[in-house]
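Written out below as structure tokens is the structure these notes cover.
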Ligand code: TEU
Ligand code: CA
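Numbering (the UniProt record's numbering), first residue to last: 1 to 539.
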């Protein structure tokens, strides 16, 4: 298998609105990112996935794009964007752009035109349908952000499709002109020297709404092959598809190098394990570590040489992992280190979400007025209408709501965590005097340095990138596996609980690689304290 740079790096995701404000308006911006490039260089990452920075009315914080070739004025200018790409490059960091092409904003000029009349040249850029005989929506498709996925347009008497908010009309990918327009736009960015694309809900572009098919439609992979040929195929770019519905079989369709589609996909099977099956993300159940092991092992082994994994705990849509599956109260740093070690020793490209490297946590709200995220706000209204208690809904938002990940980055213990000199657009987590970058950098035992060391291990040891994975049979809450490469074996042991466990292994320690505390003298019988994690080379 041919080797690529994107298999060897660690990627850092920036949510620009919340990263660093450079001009005091309370909103993170490109200038702020440039200021912090040296920090990211110190961490050791090789690429930044930048959540959308394009012109947008911000109905969904930039995931509703009104001009793909312009920068959101709150974030800066195209010159600054080019400057960011250049400054990152000086530090050997590539910029991976978010590509949101399942839908545009309703304020994109394509949609403004399309709405004008049924005969408009852009009408067919979107998905329109006549009402049913009684005037109701064409069918029962639902929006991820609650309610029907169809919105009635008075002036033309037709409905348009929006799988997200009604300000995010879905593009019609069966229209060749839509596809060509998207490819032209992608080439515009490739020419600017970017490192790749993270493709927002890319599994939806092959939808067949009249058959109620949204994900994994029949033409999906034809479109991706065509896109590859027309855009990034000739350049060695990182392309990662966001694919909520992927199984390992499906992931191979996207990422098998022979098929010339994408580098890899984000799969979400592991992050759905604390949700009740067949229900929504808001309906919770406890995580079983046994299941987590099973899911990771499946993905680690089944892709083989016919695909590539992406590895992540967090992103801008998910709650903070330490609050979710670690022990925030009693073992914040230690459980954070375990989660980092466990994930970064797996095979695939790891992604760090801003603030994860210092162990940022969820921030609870008490009322819906404190919430910014459209998904949470719409769900609140929907559940109120069907009789849920407000307190119950707020509880679900505090556990799973997207704002948990979007509170401003905590840089220092000065006011507003050093994120802004103005009024932050979203509340700063009150724990910033304790949890912040400045403090982490001063403490050699901080979580930050565990992440830094894990990134360095990946650079220094081909085993971390290329080694095979083998899950070990252990106590249910002990997650242990081996990596094998060219005659070497590394053993990874993680006690994924606040309880004590015993671990047995047939082999001897050759070298200590990394630990969050314990340095076992032998492996025959190891007493694992809460959240102990270590990696050793064994013989
Ligand atoms: O997310 C896709 C998506 O389906 C999410 O809304 C997800 O279902 C939900 O947050 C579960 O936690 C992508 C982007 O990552 C998200 O930020 C956008 O809102 C969405 O697409 C629409 O562009
Ligand atoms: Ca700003």
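The beta-carbon is built from N, C-alpha and C at its ideal position, and this holds for glycine as well.
To which residues of the same chain is residue i closer than 7 Å at the C-beta, ignoring the five residues directly before and after it?
i           : result
residue 271 : 318
residue 481 : 469, 470, 471, 472, 492
residue 91  : 37, 41
residue 24  : 420, 421, 422
residue 114 : 120, 122, 123, 125, 126
residue 110 : 104, 122, 125
residue 185 : 68, 69
residue 549 : Outside the displayed range of the chain (1 to 539) lies residue 549, so it cannot be described from this structure.
With a cut-off of 8 Å on the beta carbons, I'd call residue i and residue j a contact; round off their distance for me.
i           : j           : result
residue 513 : residue 536 : 6 Å
residue 102 : residue 170 : 6 Å
residue 528 : residue 502 : 7 Å
residue 167 : residue 105 : 6 Å
residue 587 : residue 313 : This structure does not reach residue 587, given that the chain is present from 1 up to 539, and the question cannot be answered.
residue 257 : residue 2   : 7 Å
residue 5   : residue 200 : Incorrect: roughly 23 Å between the Cβ atoms, too far for contact.
residue 18  : residue 407 : 7 Å
residue 97  : residue 189 : 6 Å
residue 205 : residue 173 : 5 Å
On a CA-only basis, which of the options is nearest residue i? Give me that one, please.
i           : options            : result
residue 547 : 530, 176, 352      : Residue numbering for the chain in the displayed model covers 1 to 539; residue 547 lies beyond these limits and cannot be assessed.
residue 122 : 275, 179, 97       : 179
residue 93  : 114, 406, 126, 48  : 48
residue 475 : 309, 288, 430, 201 : 288
residue 366 : 485, 86, 141, 380  : 380
residue 64  : 292, 162, 238      : 162
residue 293 : 404, 309, 273      : 273
residue 417 : 431, 507, 515      : 431
residue 290 : 25, 479, 283       : 479
residue 440 : 355, 369, 350, 27  : 355
residue 447 : 295, 530, 212, 331 : 331
residue 308 : 394, 260, 164, 80  : 260
residue 403 : 428, 389, 238      : 428
residue 7   : 66, 263, 477, 87   : 263
residue 140 : 97, 111, 209       : 209
residue 329 : 344, 244, 95, 530  : 530
residue 15  : 30, 32, 50         : 50
residue 368 : 394, 350, 383, 76  : 394
residue 299 : 252, 275, 315      : 252
residue 187 : 370, 391, 68, 117  : 68
residue 452 : 315, 21, 39, 30    : 39
residue 80  : 117, 31, 95, 100   : 31
residue 426 : 26, 226, 82        : 26
residue 400 : 388, 371, 240      : 371
residue 202 : 384, 224, 212, 311 : 224
residue 242 : 107, 310, 460, 108 : 310
residue 349 : 377, 267, 316, 390 : 267
For residue i, which residues of its own chain have a beta-carbon under 8 Å away from its beta-carbon, when the five flanking residues on both sides are left out?
i           : result
residue 131 : 137, 138, 152, 157, 158, 159
residue 398 : 362, 364, 365, 404
residue 599 : The structure shown does not extend to residue 599, since the chain is modelled only from 1 through 539, so no value can be given for it.
residue 526 : 493, 502, 503, 504, 505, 518, 520
residue 89  : 193
residue 142 : 148, 149
residue 543 : Shown here, the chain extends from 1 to 539; a query on residue 543 therefore has no answer.
Taking 6 Å as the limit between beta carbons, can you name the residues of its chain near residue i, skipping five residues before and five after?
i           : result
residue 128 : 158, 160
residue 467 : 483, 484, 485
residue 533 : 338, 341, 494, 516
residue 34  : 84, 87
residue 396 : 282
residue 155 : none
Meets three-Cβ-pair contact criterion under 8 Å: the region 240-250 and the region 291-308 = Of all C-beta pairs linking the region 240-250 to the region 291-308, three or more are shorter than 8 Å, placing the two stretches in contact.
inquiry  = Can you confirm whether the region 405-414 touches the region 426-440 when touching is taken to mean that 3 or more C-beta pairs between the two stretches lie within less than 8 Å?
reply    = yes
query = Does the count of Cβ pairs from the region 218-230 and the region 277-285 closer than 8 Å reach three?
reply = no
ask   = Are three or more beta carbon pairs between the region 45-55 and the region 68-75 nearer than 8 Å?
value = yes
task = Give a yes or no on contact between the region 31-49 and the region 451-458, applying the rule of three or more CB pairs nearer than 8 Å.
result = yes
query = So, do the region 334-350 and the region 483-500 have three or more beta carbon pairs nearer to each other than 8 Å?
reply = Remark: three or more beta-carbon pairs, one from each stretch, lie closer than 8 Å, so the region 334-350 and the region 483-500 are flagged as touching.
query = Is the region 181-199 touching the region 141-150, taking contact as three or more C-beta pairs under 8 Å?
reply = no
inquiry  = Between the region 359-370 and the region 320-328, can you find at least three pairs of beta-carbon atoms closer than 8 Å?
reply    = Contact holds between the region 320-328 and the region 359-370, because three or more Cβ pairs, one in each stretch, are under 8 Å apart.
ask   = Taking the runs of the beta strand (DSSP E) that are 3 residues or longer, which of them lie wholly in the region 476-500?
value = Taking 3 residues as the minimum length, the beta strand (DSSP E) runs contained wholly in the region 476-500 are 478-485, 488-495, in order along the chain.
key: Ordered list of beta strand (DSSP E) runs contained in the region 72-152, each at least 3 residues   = 94-99
request  = Could you pull out every unbroken beta strand (DSSP E) segment of at least 3 residues lying fully inside the region 321-379, listed in chain order?
outcome  = 349-353
request  = Please go through the region 375-422 and give each complete alpha helix (DSSP H) segment of 4 or more residues, from N-terminal end onward.
outcome  = 390-400, 403-406, all fully within the region 375-422.
request  = Would you list, in sequence order, the uninterrupted alpha helix (DSSP H) runs of no fewer than 4 residues that lie entirely inside the region 224-290?
outcome  = 248-255
task = Give every residue whose Cβ lies closer than 5 Å to any heavy atom of ligand 4, listed in chain order.
result = The model on display carries ligand 1 and ligand 2 but not ligand 4.
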